[in-house]
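Participant: I'd like to ask you about the structure that follows.
In this note's numbering, the protein residues as written are 71 to 451.
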């Protein structure tokens with residue numbers, strides 16, 4: 071299917087840059103929602119509210135019993151932007167550093183493309199989802215019953231990815247993104263003077279032992295062919311160089327590709343904590359929360375997807391230990407989540423996701439619209 075989507079580029083650039091300037095974090099996407107709603111209405115569609123700051127658009131086709139869904143996330147991150155672009159974020163300390171401005175612009179452009187097709191063969195559901203970064207509102211959207219109401223049979227989502235060359239489409243059958251577990255731990259001892267440690271209970275000693283023990287959970291309990299990772303990225307404690315602190319706190323993440331592996335990590339962490347408490351006379355409080363399930367791309371849809379993408383600079387991607395609440399949709403209906411490369415070294419688009427300098431050329435979003443259009447066409451066959 072040959073597509074000329076250049077007529078969408080002006081809107082893509084305008085929408086992306088407007089949305090980039092108004093980044094709003096989870097469940098605060100009020101101006102973002104208003105912008106999306108106004109644009110969708112301007113092209114003749116009827117958006118409806120869903121789960122607080124979300125929107126959806128249902129476009130009925132000739133086949134009312136087989137609806138294909140497409141999703142974009144809409145929230146931003148708590149990051150101070152340092153791109154230096156002329157459409158920089160106007161909300162201090164907030165930035166679309168994960169490409170959600172691009173995702174929204176792609177889905178808006180796809181919506182406009184759909185208005186040029188009369189009539190549609192399959193019905194289409196477009197979801198503009200809030201709070202992907204956290205706490206993850208995909209689950210809440212599923213629980214509204216919208217998938218059953220509109221007879222959704224498959225769902226697709228796209229994510230910009232600066233680790234891939236600009237314009238490359240990538241995906242993988244089966245487990246693609248990992249399940250995330252949030253680690254939050256506090257170790258309480260007894261404060262004292264650094265010159266008299268025998269009169270204190272040092273939580274820092276216990277802290278180092280806990281971190282050491284964590285690194286044996288995967289290396290000595292998981293099969294070498296069963297991937298997983300535990301990372302502690304932040305810790306806090308102490309007030310002066312010569313005072314033993316009363317409490318040390320730390321935070322991190324664990325990533326696996328199976329619910330049972332996540333549950334095992336939590337079990338072992340709790341066992342380690344209880345052992346350290348007895349050994350070092352400290353108190354350990356933990357908050358270990360499993361977040362999104364792993365993203366698992368449907369086998370049959372993947373076959374159709376790869377055939378559809380064969381002329382789109384497609385490549386198979388290795389599994390990634392990042393996480394995405396798109397997984398909740400895939401628990402409801404078969405789904406495919408894929409990547410669109412944005413890396414362009416000549417233009418300086420080399421910074422990773424969640425980086426204060428992340429940026430991309432909006433022209434690449436036409437590839438995203440084309441991918442969505444070809445996917446929809448593949449379901450008409």
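Note that beta-carbon positions come from the ideal geometry of N, C-alpha and C, so glycine has one too.
Bear in mind that the values here come from a model prediction, so they are computed numbers and not experimental data.
Within the continuous beta strand (DSSP E) that includes residue 136, where are the two ends?
Facilitator: Note, residue 136: beta strand (DSSP E), 133-143.
Participant: Where do the ends of the beta strand (DSSP E) carrying residue 228 lie?
Facilitator: Its beta strand (DSSP E) spans residues 222-235.
Participant: In terms of alpha-carbon separation, which member of 139, 161, 138 and 76 lies closest to residue 90?
Facilitator: Among 139, 161, 138 and 76, the Cα nearest to that of residue 90 belongs to 161.
Participant: Does DSSP put residue 268 in a helix, in a strand, or in coil?
Facilitator: The answer is helix: DSSP assigns residue 268 an H, G or I state.
Participant: DSSP three-state label for residue 193, please.
Facilitator: Note: residue 193 maps to strand in three-state DSSP.
Participant: Contact between the segment 221-233 and the segment 320-335 is defined here as three or more beta-carbon pairs at a separation below 8 Å; is this criterion met?
Facilitator: Not touching, per the Cβ criterion.
Participant: Answer with yes or no whether the minimum CB distance from residue 120 to chain B is below 8 Å.
Facilitator: In the structure shown, chain B does not exist; there is a single protein chain.
Participant: Are residue 408 and residue 228 touching if we call contact CB-CB under 8 Å?
Facilitator: Yes.
Participant: Output the boundary residues of the alpha helix (DSSP H) element that contains residue 370.
Facilitator: Residue 370 -> alpha helix (DSSP H) spans 369-378.
Participant: Give a yes or no on whether the C-beta atoms belonging to residue 342 and residue 283 are separated by under 8 Å.
Facilitator: Yes, the Cβ-Cβ distance between residue 342 and residue 283 is below 8 Å.
Participant: Considering only residues of the same chain and omitting the five flanking positions on each side of residue 157, which have a CB-CB separation below 7 Å?
Facilitator: For residue 157, where only same-chain residues beyond five positions count, the Cβ hits under 7 Å are 87, 90 and 91.
Participant: Mind the definition here: the segment 228-238 touches the segment 415-425 only if three or more C-beta pairs lie below 8 Å; say whether that holds.
Facilitator: Contact between the segment 228-238 and the segment 415-425 is present, because at least three Cβ pairs lie under 8 Å.
Participant: Does the count of Cβ pairs from the segment 387-404 and the segment 351-367 closer than 8 Å reach three?
Facilitator: Yes, the segment 387-404 touches the segment 351-367.
Participant: For residue 152, which residues in the same chain have their Cβ closer than 8 Å to its Cβ, ignoring the five residues on either side in sequence?
Facilitator: Around residue 152: 426 and 427.
Participant: What are the uninterrupted segments assigned as beta strand (DSSP E) that are 3 or more residues long and contained completely in the segment 297-350, given in chain order?
Facilitator: Segments of the beta strand (DSSP E) lying fully in the segment 297-350: 298-307 and 317-326.
Participant: Rounded to whole angstroms, what's the CA-CA distance from residue 374 to residue 353? Just pull it up for me.
Facilitator: Those two C-alpha atoms are separated by around 54 Å.
Participant: Taking 8 Å as the threshold, find out whether the segment 188-200 comes into contact with the segment 130-138 through three or more Cβ pairs.
Facilitator: The segment 188-200 vs the segment 130-138: in contact.
Participant: Can you tell me whether residue 351 is buried or exposed, with buried defined as 16 or more other CB within 10 angstroms of its CB?
Facilitator: Classification of residue 351: exposed, given that the 10 Å Cβ count is below 16.
Participant: Out of curiosity, what's the CA-to-CA distance linking residue 267 and residue 256?
Facilitator: Their backbone Cα atoms lie some 20 Å apart in a straight line.
Participant: Do residue 326 and residue 249 have their C-beta atoms within less than 8 Å of each other?
Facilitator: Contact: yes.
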